[in-house]
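Notes follow once the structure below has been shown.
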Amino acid sequence: MNDQLLDLARDVMGSPLVYLVVFAVAGLDGVLPIFPSEVVLLVSGGFAATGRPNIGLLILAASAGAAVGDHVSYRIGRHAGRPLLRKIPVGTKRHRAVGWIMSVLERRGPVFIVIGRFLPGMRSIMTLTAGAVGVPPRTFTAFDIIGAVLWGISGALLGYFGGNTFQDSPLAGFSFALVLVTIIVVLGEVGRRLQASGTRTARSAKCTQGQRR
């Protein structure tokens with residue numbers, strides 16, 4: 032059964048359609064964070080170690096898809112972002128995430144657009160918020176392309192080198208890719224929680240100082 036699945040995966044990865052799939056999943060993940068773009072990219076990169084798909088074209092497809100998806104989310108933010116953000120219930124995880132992103136965009140500026148691409152589950156909110164708060168289109172495009180390209184390169188190469196390591200055992204390579212994705216997601220969530228905790232502590236300190244005055 033495993034051999035049949037691997038043969039099917041090789042057939043899919045050897046087809047030119049794999050680039051379209053990677054492009055589409057990366058793009059959709061930029062708008063709706065329910066598509067497993069990291070999984071698809073890492074697994075595709077792992078198979079690229081065998082020569083199919085081509086690693087260069089894979090990076091191009093992933094980067095282009097990510098940039099297109101980010102720009103769709105950004106445009107939604109420009110035209111309807113503020114009403115959408117106001118509908119997010121106060122006190123929810125998403126509401127806290129938006130508040131954090133707004134504060135970081137104010138402090139760090141467009142550099143956070145690059146960093147935000149590597150935060151699973153946050154990138155679509157980040158790009159939507161960037162549009163809603165009025166980050167200039169040219170600025171967003173310049174920094175988002177940098178982030179998308181770095182994301183495409185890092186994800187594809189992680190899978191590629193993992194595929195080289197487990198070339199004699201594709202199933203182990205696939206498992207390795209899933210473990211990597213899990214680690215990335217967990218680290219992103221831990222970072223988000225630590226940042227949210229720091230933000231609450233800072234606000235509490237400000238309130239305490241205000242009361243003393």
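Residue numbers (the working numbering): 32 to 244.
We put the beta carbon where it would ideally sit given N, CA and C, even for glycine.
Small disclaimer: the values here were computed from a predicted structure and weren't measured.
Just to confirm before moving on: does the CB-CB distance between residue 79 and residue 163 stay below 8 angstroms?
Locating residue 79 in the sequence shown gives position 48, where the first residue counts as 1. Locating residue 163 in the sequence shown gives position 132, where the first residue counts as 1. Cβ atoms of residue 79 and residue 163: not closer than 8 angstroms.
Compare the beta carbon distance of residue 121 and residue 160 with 8 angstroms and say whether it is the shorter of the two.
The residue labelled residue 121 in the question sits at position 90 within the sequence shown. The residue labelled residue 160 in the question sits at position 129 within the sequence shown. In this structure, residue 160 does not lie closer than 8 angstroms to residue 121 by Cβ.
Would you tell me roughly how many angstroms separate the C-alpha atoms of residue 183 and residue 117, rounded to the nearest one?
What you label residue 183 is simply residue 152 of the sequence shown in a count that begins at 1. What you label residue 117 is simply residue 86 of the sequence shown in a count that begins at 1. One C-alpha to the other measures close to 32 angstroms.
My parser needs the alpha helix (DSSP H) runs of 4 or more residues fully inside the segment 137 to 170; what are they?
142 to 147, 154 to 163
Measuring CB to CB, does residue 77 end up less than 8 angstroms from residue 86?
For this step, residue 77 is matched to residue 46 along the sequence shown. For this step, residue 86 is matched to residue 55 along the sequence shown. For residue 77 and residue 86, no; Cβs fall outside 8 angstroms.
Using a 10 Å radius around the Cβ and a threshold of 16 neighbouring Cβ atoms, would you call residue 110 buried or exposed?
On the sequence shown, residue 110 is found 79 positions in, with the first residue counted as 1. So residue 110 ends up on the exposed side.
Counting C-beta neighbours from all protein chains within 10 Å, is the total for residue 47 16 or more, i.e. buried, or is it exposed?
Mapped onto the sequence shown, residue 47 falls at position 16. With fewer than 16 other Cβ atoms within 10 Å, it is exposed.
By DSSP, does residue 93 sit in helix, in strand, or in coil?
Looking up residue 93 in the sequence shown gives position 62. Note: residue 93 maps to helix in three-state DSSP.
In whole angstroms, what separates the C-alpha of residue 92 from that of residue 50?
Walking along the sequence shown from the start, residue 92 turns up at place 61. Walking along the sequence shown from the start, residue 50 turns up at place 19. So the alpha carbons of these two residues sit roughly 6 angstroms apart.
Pick from 179, 45, 65: whose alpha carbon is nearest that of residue 74?
Translated into positions along the sequence shown, residue 74 becomes position 43. It is 45 whose Cα lies nearest to the Cα of residue 74.
Comparing alpha-carbon positions, which option in 125, 171, 126 lies nearest residue 144?
Translated into the one-based positions of the sequence shown, residue 144 becomes position 113. Answer by Cα proximity: 171.
Would you call the segment 129 to 140 and the segment 88 to 105 touching, i.e. three or more CB-CB distances under 8 angstroms?
no
Distance, Cα to Cα, residue 102 vs residue 158?
As a working note, residue 102 is residue 71 in the sequence shown. As a working note, residue 158 is residue 127 in the sequence shown. Going from the Cα of residue 102 to the Cα of residue 158 covers about 8 angstroms.
DSSP three-state call for residue 121: helix, strand or coil?
Taking the first residue of the sequence shown as position 1, residue 121 is located at position 90. Note: residue 121 maps to coil in three-state DSSP.
Alpha carbon to alpha carbon, what distance is there between residue 84 and residue 125?
Reading the sequence shown from its first residue, position 94 is the one you call residue 125. Reading the sequence shown from its first residue, position 53 is the one you call residue 84. The alpha-carbon atoms of residue 125 and residue 84 are separated by roughly 37 angstroms.
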